[in-house]
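A quick write-up on the structure given underneath.
Chains as they are written, first to last, in the numbering used here: chain A, 213 to 398; chain B, 620 to 798.
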């Protein structure tokens, strides 16, 4: 009887566990996450690049989406647009000034449930020593057990950043961020 | 006439010396100016292209110059120079050669950090060795900038010394690099 009770408790606990927010660590080790950017090249086309080094964590609860949180730290010197000379320039004090501002950071302050797996994540984005509010339009891509014993959850997201808002010496207008975040449950 | 003798510099040495001097000075001015060009300047792409092309040609010229130097006699020191002057001039000459090599190597490493080759006036390309160390473009850029300042400082010292020998000491130092 006791055994049954224990089993019942365990089953209930397991079933009930999605009620609590689960914590995830962004899978940067396996590179199942990327922080990409796009900028307009003088009206001719789009220049794309990414930040190769970042880390972060998030919590997510299917039943209480507004309680979700995310924090991401970006190593600004890891900017990569597939051109060493341009990247060197982007790292210089004309843009990111990575010697002074080696990290950029996003910390969520509010998450809105837009239904059907859509979220609006508002947060403080700090870059170049300046903090501004930023809204990321996110979509849940999927979640479930992976074949290697872990549990994964992923989102994609987009946001728009104005270079002028962050005090860059050179300002080429707005930059679109394309974010793909896959987390492994802790 | 072409080769050096124990008494004077040959034509090859003199021509290479003065071409190098002119080129180093021009590249310095161009480099100093072009790094602050705005993106919309018509020189934004042309100036670095020429700077790199001429830099590669100067590297080839410097290699030839060094080979020529080692397979040729050097004129003897001028007898009226003191021991210290002889030592100082030797050190400055070695310093200029070293800085030149470091300067050109670091310049090469900036532009080739992403496997891209350096195109020399569309005549030929100098291939990349890949990214040899972390943050290659940034570190090489820093070295390139400060070694360039050092080379110009040392070259100015070299020029002032030559003029001093010519005007104050009235010796052969400068004359034998010209005549």
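Quick reminder that beta carbons are idealized off the backbone N, C-alpha and C, glycines included. Since the structure is predicted, the reported quantities are computational estimates derived from the model, not experimental observations.
Span of the alpha helix (DSSP H) holding residue i?
i	result
residue 712 of chain B	702-730
residue 642 of chain B	630-653
In three-state terms, what does DSSP make of residue i?
i	result
residue 692 of chain B	coil
residue 760 of chain B	helix
residue 302 of chain A	helix
residue 658 of chain B	coil
residue 796 of chain B	helix
residue 339 of chain A	strand
residue 766 of chain B	helix
residue 677 of chain B	helix
residue 671 of chain B	helix
residue 396 of chain A	strand
residue 740 of chain B	coil
residue 383 of chain A	coil
Buried or exposed for residue i, going by 16 or more other Cβ atoms inside 10 Å?
i	result
residue 620 of chain B	exposed
residue 670 of chain B	buried
residue 263 of chain A	buried
residue 723 of chain B	buried
residue 253 of chain A	exposed
residue 242 of chain A	exposed
residue 296 of chain A	buried
residue 665 of chain B	exposed
residue 732 of chain B	buried
For the putative contact between residue i and residue j, defined by C-beta atoms under 8 Å, what is the C-beta separation to the nearest angstrom?
i	j	result
residue 299 of chain A	residue 756 of chain B	7 Å
residue 269 of chain A	residue 237 of chain A	5 Å
residue 679 of chain B	residue 646 of chain B	That belief does not hold up - the Cβ atoms of residue 679 of chain B and residue 646 of chain B are roughly 14 Å apart, past 8 Å.
residue 266 of chain A	residue 240 of chain A	6 Å
residue 774 of chain B	residue 643 of chain B	7 Å
residue 245 of chain A	residue 393 of chain A	5 Å
residue 796 of chain B	residue 628 of chain B	6 Å
Could you pull the start and end residues of the beta strand (DSSP E) that residue i belongs to?
i	result
residue 238 of chain A	234-238
residue 269 of chain A	266-272
residue 283 of chain A	281-287
residue 365 of chain A	363-374
residue 261 of chain A	257-263
residue 324 of chain A	315-325
residue 275 of chain A	Note, residue 275 of chain A: premise wrong, no beta strand (DSSP E); not H, not E.
residue 250 of chain A	246-253
Indicate, with yes or no, if the ligand PLP has a heavy atom lying under 8 Å from the CB of residue i.
i	result
residue 314 of chain A	Absent from the structure shown: the ligand PLP. Ligands present: none.
> How do the region 719-728 of chain B and the region 284-295 of chain A stand: do at least 3 beta-carbon pairs fall below 8 Å, yes or no?
Replying inline: Because the criterion of three Cβ pairs below 8 Å is not met, the region 719-728 of chain B and the region 284-295 of chain A do not touch.
> Are there three or more Cβ pairs, one per stretch, closer than 8 Å when the region 340-348 of chain A is compared with the region 310-328 of chain A?
Replying inline: The region 340-348 of chain A is in contact with the region 310-328 of chain A.
>> Assess contact between the region 746-763 of chain B and the region 699-717 of chain B, defined as three or more Cβ pairs (one per stretch) separated by less than 8 Å. Is contact present?
In response: In the pairwise beta carbon analysis, the region 746-763 of chain B is classified as not touching the region 699-717 of chain B: fewer than three pairs are separated by under 8 Å.
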